[in-house]
Amino acid sequence: MSAEEALLPMSKELYEACVKAKEEVKRAVLTHVKPGAAALIVGVGNTLGVGN
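Quick note: the sequence shown uses the working numbering, first residue 227, plus one each step.
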């Protein structure tokens, strides 16, 4: 991704993928974490291809 691309609005395809990913994380937490327990969700960014 170029620096110019990074500044553009998110594409519809990427937005829909984000919505799907959020639902998958939610499903995983509800499936594997007992009620009253805590879960730590860590987002690790991928900057591969984006120059400094």
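We treat Cβ as the ideally placed atom computed from N, Cα and C, and that holds for glycine.
Span separating the alpha-carbon of residue i from that of residue j
i: M236; j: V251; result: 21 Å
i: L266; j: V259; result: 10 Å
i: G269; j: E230; result: 23 Å
i: G262; j: L256; result: 11 Å
i: A232; j: K246; result: 21 Å
i: A221; j: A254; result: Lying before the first or after the last residue shown, residue 221 is absent from the chain, which here runs from 227 to 278.
i: C244; j: K238; result: 10 Å
*At which residue ranges does the segment 233 to 270 contain complete beta strand (DSSP E) runs of 3 or more residues, listed in the order of the chain?*
With a minimum length of 3 residues, there is no unbroken run of beta strand (DSSP E) contained wholly in the segment 233 to 270.
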